[in-house]
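Asker: These protein sequence lines are chains S and P, in that order. The numbers in full-length UniProt numbering rise by one with no breaks, and the one at position 92 of the first sequence is 92. The numbers in full-length UniProt numbering rise by one with no breaks, and the one at position 94 of the second sequence is 94. Glycine residues also receive a C-beta, built at the ideal position from the N, C-alpha and C atoms. Here the structure is a predicted model, which is why all the values come from computation and not from measurement. Provided herewith is a single structure, encoded as structure tokens, for subsequent inquiry.
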Amino acid sequence: MDILIDQFFNVAIMQKAFPLLLKGLWMTLQLCVAVILLGLVGGLFVALGNLSPRRWLRWPTIVYIDVFRALPPLVLLIFIYSGLPFAGINVSPFTAVVIAFLLNNSSYYAEVYRAGLISVAKGQWEAAASTGLSRSQSLVYVVLPQAVRNVLPDLLSNTVEVVKLTSLASVISLSELLYSADMARSVTYNASPLVLAALFYLVLLWPLVRLVSHFQRRLAA
Amino acid sequence: MAKRPMLEIAALEKRFGDNTILKQIDLKVAEGELVFVIGPSGSGKSTMLRCCNRLEQPTSGDIIVDGRNIMAGTSRDLAQMRLQIGMVFQGFHLYPHMNVLKNVTLAQRKALKRSKAEADVRAMDMLERVGLAHKADAYPSELSGGQQQRVAIARALALDPKIMLFDEPTSALDPELVGSVLKVMKDLKSKGMTMLVVSHEMGFARETADRVVFMDGGVIVEEGTPDEIFGAPKAERTRAFLSRVAG
Ligand SMILES: Nc1ncnc2c1ncn2[C@@H]1O[C@H](COP(=O)(O)OP(=O)(O)OP(=O)(O)O)[C@@H](O)[C@H]1O
Ligand SMILES: [Mg+2]
Numbered sequence: 001m002d003i004l005i006d007q008f009f010n011v012a013i014m015q016k017a018f019p020l021l022l023k024g025l026w027m028t029l030q031l032c033v034a035v036i037l038l039g040l041v042g043g044l045f046v047a048l049g050n051l052s053p054r055r056w057l058r059w060p061t062i063v064y065i066d067v068f069r070a071l072p073p074l075v076l077l078i079f080i081y082s083g084l085p086f087a088g089i090n091v092s093p094f095t096a097v098v099i100a101f102l103l104n105n106s107s108y109y110a111e112v113y114r115a116g117l118i119s120v121a122k123g124q125w126e127a128a129a130s131t132g133l134s135r136s137q138s139l140v141y142v143v144l145p146q147a148v149r150n151v152l153p154d155l156l157s158n159t160v161e162v163v164k165l166t167s168l169a170s171v172i173s174l175s176e177l178l179y180s181a182d183m184a185r186s187v188t189y190n191a192s193p194l195v196l197a198a199l200f201y202l203v204l205l206w207p208l209v210r211l212v213s214h215f216q217r218r219l220a221a
Numbered sequence: 001m002a003k004r005p006m007l008e009i010a011a012l013e014k015r016f017g018d019n020t021i022l023k024q025i026d027l028k029v030a031e032g033e034l035v036f037v038i039g040p041s042g043s044g045k046s047t048m049l050r051c052c053n054r055l056e057q058p059t060s061g062d063i064i065v066d067g068r069n070i071m072a073g074t075s076r077d078l079a080q081m082r083l084q085i086g087m088v089f090q091g092f093h094l095y096p097h098m099n100v101l102k103n104v105t106l107a108q109r110k111a112l113k114r115s116k117a118e119a120d121v122r123a124m125d126m127l128e129r130v131g132l133a134h135k136a137d138a139y140p141s142e143l144s145g146g147q148q149q150r151v152a153i154a155r156a157l158a159l160d161p162k163i164m165l166f167d168e169p170t171s172a173l174d175p176e177l178v179g180s181v182l183k184v185m186k187d188l189k190s191k192g193m194t195m196l197v198v199s200h201e202m203g204f205a206r207e208t209a210d211r212v213v214f215m216d217g218g219v220i221v222e223e224g225t226p227d228e229i230f231g232a233p234k235a236e237r238t239r240a241f242l243s244r245v246a247g
């Protein structure tokens, strides 16, 4: 029992590792903000292309969504970080992570937006158009707010996935939260930093998953 | 006195694939006139109305609103021209995420570029007119169908349209709420609004319409004053339809 506490819940070691883990957390947050914001915007445009009556817009977005949902994000990441240099393209670890996860994630966001947009009755577009609003005005003021509200739990769930996804960045030695914790583990020969990192993730994500449940219940009501 | 035509539909055709839904429709609505359209289900009444503001793209023909052909011009011109054509739908289509006031001010602000103060004043005037000024802060889900439809009318009126199109404005309403919407429409007519109305409210047509148009199979079969159409219809198809709806 003591060994267990010493190996996993060693407060002294956790305290020592704390500053390093905070730095890692900061990197994780930066990754999240970049991937989530770009993903939310990019996903919307992909979804709009996907719903467009124009074939030259629809086709590429169908391919995009299919390909990047099918490719494992880790494969994408390693390809971009370790594969592209063979073509003379070198990117920093941070950029590689953002690009890889953005490609993956925006295709999921796009699917969610798409479901949201088609859940809004056609009459809303028509009412807006009949009052002289342009297509983009109708989208921004009338349709999109309703679409987002209808799929808010899915948008949030996907956001939770992004946060989890960023831990994969540790495989290319980007010092985000998990990587930092594992560093601390290897120098202290103690698993407590990993437990601390898990706690960080929990504190970060638990409110979000609570929120998802809350919205799901409200939409079901 | 020959009034100028506010709306002129000329040789309008609409096909969906191989189906010709509207065949060579010609119809003029003069300024201040109320033209009432009747006809069996599927005869093309809604399609004709929706062609008038190009919610449905006509296959050929011209739609001229106050002298301007809305078939010509860019999509921005189209949005501008739609401001002059109010439309009221069977299903209201209020924006559920906005309160009544915002429903009525949105297009004023974004399409007409009115200031907030100006749009609010105009919206309250129009809500007053449809008897719903006290509901300005309510959300559509808190209103009865009749109230929602009156807000939809206010939303269209707030843009100062030259003509109002109504597609079965009372068909989705409980019978006891129909009267409140018809009253607003009657009031509009008396104030000189030009109106093209698709509806089954024959009593309203007799009282208020200047002309009644009977459509069947994508053509205008017959048109005349309410007395002519309801009292002495010439075409066999009109007679058959009227005896059917009279029950
Ligand atoms: N988008 C569409 N695609 C194919 N056919 C259509 C479309 N819209 C309408 N139609 C067809 O056009 C015909 C006329 O429809 P429309 O809605 O104009 O009739 P209506 O006179 O308004 O009927 P109702 O009294 O039932 O409202 C119908 O046969 C309908 O099936
Ligand atoms: Mg119809």
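1) Measuring only between beta-carbons, confirm whether Leu173 of chain P sits less than 8 Å from chain C.
2) Quick check on Asp187 of chain P: does DSSP put it in helix, strand or coil?
3) Regarding Thr238 of chain P and ligand 1, is the C-beta to nearest heavy atom distance less than 7 Å?
4) Rounded to a whole number of angstroms, what is the C-alpha to C-alpha distance between Arg211 of chain P and Thr238 of chain P?
5) I want to see whether chain P comes within less than 8 Å of Gln216 of chain S, judged by CB atoms only; does it?
6) Arg82 of chain P touches chain S at which residues, Cβ-Cβ below 8 Å?
7) Determine the direct distance from the alpha carbon of Leu4 of chain S to that of Glu161 of chain S, and round the result to whole angstroms.
8) Among P:His97, P:Gln57, P:Gly61, P:Asp18, whose alpha-carbon lies nearest the alpha-carbon of Leu78 of chain P?
9) Helix, strand or coil: which one does DSSP assign to Ile89 of chain S?
10) Counting along the chain, where does the alpha helix (DSSP H) carrying Ser60 of chain P start and finish?
11) Mapping DSSP to helix, strand and coil, what is Gln15 of chain S?
12) Does the distance from the C-beta atom of Ile85 of chain P to that of Pro161 of chain P stay below 8 Å?
13) Taking 8 Å as the CB-CB limit, is Pro145 of chain S close to chain P?
14) Give the straight-line distance between the Cα atoms of Ile78 of chain S and Ala100 of chain S, rounded to the nearest whole angstrom.
15) Based on Cα-Cα distance, which residue from P:Gln148, P:Ile21, P:Ala136, P:Leu159 lies nearest to Lys110 of chain P?
16) Rounded to whole angstroms, what is the Cα-Cα separation between Glu176 of chain S and Asp182 of chain S?
17) Flag this pair as yes or no: are the beta carbons of Tyr113 of chain S and Ala147 of chain S separated by less than 8 Å?
18) Using a cut-off of 9 Å between C-beta atoms, extract the partners of Val142 of chain S located in chain P.
19) Say whether the segment 215–234 of chain P touches the segment 35–44 of chain P, bearing in mind that this needs 3 or more beta-carbon pairs closer than 8 Å, one atom from each stretch.
20) Leaving aside the five residues before and after Met14 of chain S along the sequence, list all residues of the same chain whose C-beta is less than 6 Å from its C-beta, in chain order.
21) Any beta-carbon of chain P closer than 8 Å to the one on Gly123 of chain S?
22) Contact criterion: CB-CB distance below 8 Å. Does Gly91 of chain P meet it with respect to chain S?
23) Determine the direct distance from the alpha carbon of Val198 of chain P to that of Ala11 of chain P, and round the result to whole angstroms.
24) What does the Cβ neighbour count give for Met1 of chain P, buried or exposed, with the cut at 16 atoms within 10 Å?
25) Is the beta carbon of Leu94 of chain P less than 8 Å from the beta carbon of Gln148 of chain P?
26) Does ligand 1 have even one heavy atom less than 7 Å from the beta-carbon of Ser43 of chain P?
27) Could you tell me how far apart the beta carbons of Tyr179 of chain S and Ser186 of chain S are, in whole angstroms, since I believe they sit closer than 8 Å?
28) If contacts are defined as beta-carbon pairs under 8 Å, then Leu31 of chain S and Thr166 of chain S qualify, I think. What distance do you get, rounded to the angstrom?
29) Use the C-beta contact count for Asp154 of chain S: other C-beta atoms within 10 angstroms, 16 or more gives buried, fewer gives exposed.
Answerer: In short:
1) The chain inventory of the structure shown lacks chain C, comprising the protein chains S and P.
2) For the purposes of this step, residue 187 of chain P is taken as the residue at position 187 of the second sequence. DSSP places Asp187 of chain P in helix when its eight states are reduced to three.
3) Locating residue 238 of chain P in the second sequence gives position 238, counting from the first residue. No.
4) To locate residue 211 of chain P, count along the second sequence from 1; it is residue 211. To locate residue 238 of chain P, count along the second sequence from 1; it is residue 238. Cα to Cα, Arg211 of chain P sits roughly 15 Å from Thr238 of chain P.
5) The sequence position of residue 216 of chain S within the first sequence is 216, counting from 1. Gln216 of chain S does not count as touching chain P.
6) Here residue 82 of chain P refers to the residue found at position 82 of the second sequence. Near Arg82 of chain P (Cβ distances below 8 Å), the residues of chain S are Ala129, Ser130, Thr131, Gly132.
7) As a first step, residue 161 of chain S must be located in the first sequence, where it is residue number 161. As a first step, residue 4 of chain S must be located in the first sequence, where it is residue number 4. If you take the alpha carbons of Glu161 of chain S and Leu4 of chain S, they lie about 31 Å apart.
8) Working through the second sequence from its first residue, we reach residue 78 of chain P at position 78. Among P:His97, P:Gln57, P:Gly61, P:Asp18, the Cα nearest to that of Leu78 of chain P belongs to P:Gln57.
9) Taking the first residue of the first sequence as position 1, residue 89 of chain S is located at position 89. In the structure shown, Ile89 of chain S sits in coil (DSSP, three-state: anything other than H, G, I, E or B).
10) Along the second sequence, one-based indexing puts residue 60 of chain P at 60. Here Ser60 of chain P belongs to no alpha helix (DSSP H); instead the beta strand (DSSP E) covers 60–65.
11) The sequence position of residue 15 of chain S within the first sequence is 15, counting from 1. Reduced to three states, the DSSP call for Gln15 of chain S is helix.
12) Along the second sequence, one-based indexing puts residue 85 of chain P at 85. Along the second sequence, one-based indexing puts residue 161 of chain P at 161. Yes, these two residues count as a Cβ contact at 8 Å.
13) By 1-based counting over the first sequence, the position of residue 145 of chain S is 145. For Pro145 of chain S, the answer is yes, since a Cβ of chain P falls inside 8 Å of its Cβ.
14) In the first sequence, residue 78 of chain S corresponds to position 78, counting from 1. In the first sequence, residue 100 of chain S corresponds to position 100, counting from 1. Using only the alpha carbons, I get a separation of about 9 Å.
15) Here residue 110 of chain P refers to the residue found at position 110 of the second sequence. Taking only the C-alpha atoms, the option nearest Lys110 of chain P is P:Leu159.
16) Translated into the one-based positions of the first sequence, residue 176 of chain S becomes position 176. Translated into the one-based positions of the first sequence, residue 182 of chain S becomes position 182. For Glu176 of chain S and Asp182 of chain S, the distance between alpha carbons rounds to 10 Å.
17) As a working note, residue 113 of chain S is residue 113 in the first sequence. As a working note, residue 147 of chain S is residue 147 in the first sequence. The answer is yes: Cβ separation under 8 Å.
18) Residue numbering aside, residue 142 of chain S sits at position 142 when the first sequence is read from its first letter. Near Val142 of chain S (Cβ distances below 9 Å), the residues of chain P are Tyr95, His97, Met98, Leu106.
19) yes
20) Within the first sequence, residue 14 of chain S is the residue found at index 14, counting from 1. Hits under 6 Å: Ser192, Leu196.
21) Position 123 of the first sequence, counting from 1, holds the residue named residue 123 of chain S. Yes, Gly123 of chain S counts as interfacial toward chain P.
22) Reading the second sequence from its first residue, position 91 is the one you call residue 91 of chain P. With 8 Å as the cut-off, Gly91 of chain P counts as an interface residue toward chain S.
23) Against the second sequence, residue 11 of chain P aligns to sequence position 11. Against the second sequence, residue 198 of chain P aligns to sequence position 198. Cα-Cα distance, rounded: 20 Å.
24) As a working note, residue 1 of chain P is residue 1 in the second sequence. Residue placement at Met1 of chain P is flagged as unreliable, the pLDDT there being 48, under the threshold of 50; a coordinate-derived value is accordingly withheld.
25) Numbered from 1 along the second sequence, position 94 holds the residue referred to as residue 94 of chain P. Numbered from 1 along the second sequence, position 148 holds the residue referred to as residue 148 of chain P. Yes, they are a contact pair.
26) As a first step, residue 43 of chain P is located in the second sequence; it is residue number 43 there, counting from the start. Correct: Ser43 of chain P has its Cβ closer than 7 Å to ligand 1.
27) Taking the first residue of the first sequence as 1, we reach residue 179 of chain S at position 179. Taking the first residue of the first sequence as 1, we reach residue 186 of chain S at position 186. Between Ser186 of chain S and Tyr179 of chain S the Cβ distance is about 11 Å, and since that is not below 8 Å, they are no contact.
28) By 1-based counting over the first sequence, the position of residue 31 of chain S is 31. By 1-based counting over the first sequence, the position of residue 166 of chain S is 166. Contact holds; Cβ gap of about 5 Å.
29) As a working mapping, residue 154 of chain S is identified with position 154 in the first sequence. Counting Cβ neighbours within 10 Å, Asp154 of chain S comes out buried, since at least 16 surround it.
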